[in-house]
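Heads up: take any position in the sequence shown, counting from 1, add 1480, and you land on my numbering. Backbone N, C-alpha and C define an ideal beta-carbon position, used for all residues, glycine too. Values in this document were obtained by computation on a predicted structure and should not be read as measured data.
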Amino acid sequence: MSAAKKNVVFLRLFIGKLWKGLSFFTHKGPDHYHKDVKTALMVPDDVKEGQFAVLAIKGEEIERFVLEFSFLNNPAFVKLLKLAEEEFGFHQKGALAVPCRPEELQKILRAG
C-alpha cells in the first residue's frame, strides 16, 4: 500500500474515531454527564466551524493552537497525528494533544 493510501486510511480512522467520540456525547443529552465533562466538551468561542483545537505538548511546554481542518491533509501534521496515536491513543477528550514542542508545530503550520 502506498504512503498516500496509508495516510488516507489513517485519516479516515482518525476522523471516524473523533466523530464517534463527539457523537457519543450528543446523543445522551446534556444533563446525563457530570458538569466537568460537559465543561471539557464545550467548544470554545475561538474555535469556529471548520476548525479544531490542538495542544502541542513536550515536557513542560504546552501551547494551544486553533487549526483549519485543511491541516489534516498536511503530511507533516499527519505524522504528528500518528505520534499522538502512539503516545496518547484515541481516547483524548477536548483539544487534540500532539507530542511536539510548540515551536515545532509552528514550523509545520508556517510551511503548511
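Whose C-beta lies closer than 6 Å to the C-beta of residue i among residues of the same chain, with five residues either side of it excluded?
i       : result
Lys1592 : Lys is not the amino acid found at residue 1592; the sequence shown has Gly there. Result list for Gly1592: Asn1554, in chain order.
Lys1515 : Unreliable placement is indicated for Lys1515, whose pLDDT of 44 sits below 50; the coordinate value is still reported in the next sentence. None.
Phe1622 : Coverage of the chain is limited to positions 1481 through 1592, which leaves residue 1622 absent and any answer about it impossible.
Glu1584 : none
Among the options, whose alpha-carbon lies nearest the alpha-carbon of residue i?
i       : options                               : result
Glu1540 : Pro1582, Pro1524 and Glu1566          : Pro1582
Gln1586 : Phe1490, Pro1524, Leu1547 and Gly1530 : Leu1547
Lys1538 : Val1578, Ile1588 and Phe1545          : Val1578
Gln1531 : Ala1483, Glu1584, Gly1574 and Glu1566 : Gly1574
Between residue i and residue j, what straight-line distance do the alpha-carbon atoms span, to the nearest angstrom?
i       : j       : result
Leu1563 : Gly1569 : 9 Å
Ile1542 : Glu1529 : 24 Å
Gly1509 : Phe1545 : Its pLDDT being 40, under 50, Gly1509 is placed unreliably in this model, and the coordinates cannot settle the point.
Leu1576 : Asp1526 : 15 Å
Glu1567 : Lys1486 : 19 Å
Ala1484 : Pro1524 : 33 Å
Val1534 : Leu1589 : 12 Å
Glu1565 : Ser1482 : 20 Å
What is the C-beta distance between residue i and residue j, in whole angstroms, given that I count them as a contact (C-beta under 8 Å)?
i       : j       : result
Phe1557 : Phe1551 : 5 Å
Once you ignore the five residues that flank residue i on each side, which residues in its own chain have a CB closer than 7 Å to its CB?
i       : result
Cys1580 : Ala1536, Lys1538 and Leu1560
Once you ignore the five residues that flank residue i on each side, which residues in its own chain have a CB closer than 8 Å to its CB?
i       : result
His1507 : Only weak support exists for where His1507 lies, its pLDDT of 40 falling under 50; the value from the coordinates is given anyway. Cβ neighbours of His1507 beyond the five flanking positions: none.
Runs of 3 residues minimum, wholly inside the stretch 1517 to 1592: which ones carry the beta strand (DSSP E) assignment? Counting whole runs of 3 or more residues, the stretch 1517 to 1592 contains the beta strand (DSSP E) stretches 1531 to 1538, 1541 to 1548 and 1576 to 1578.
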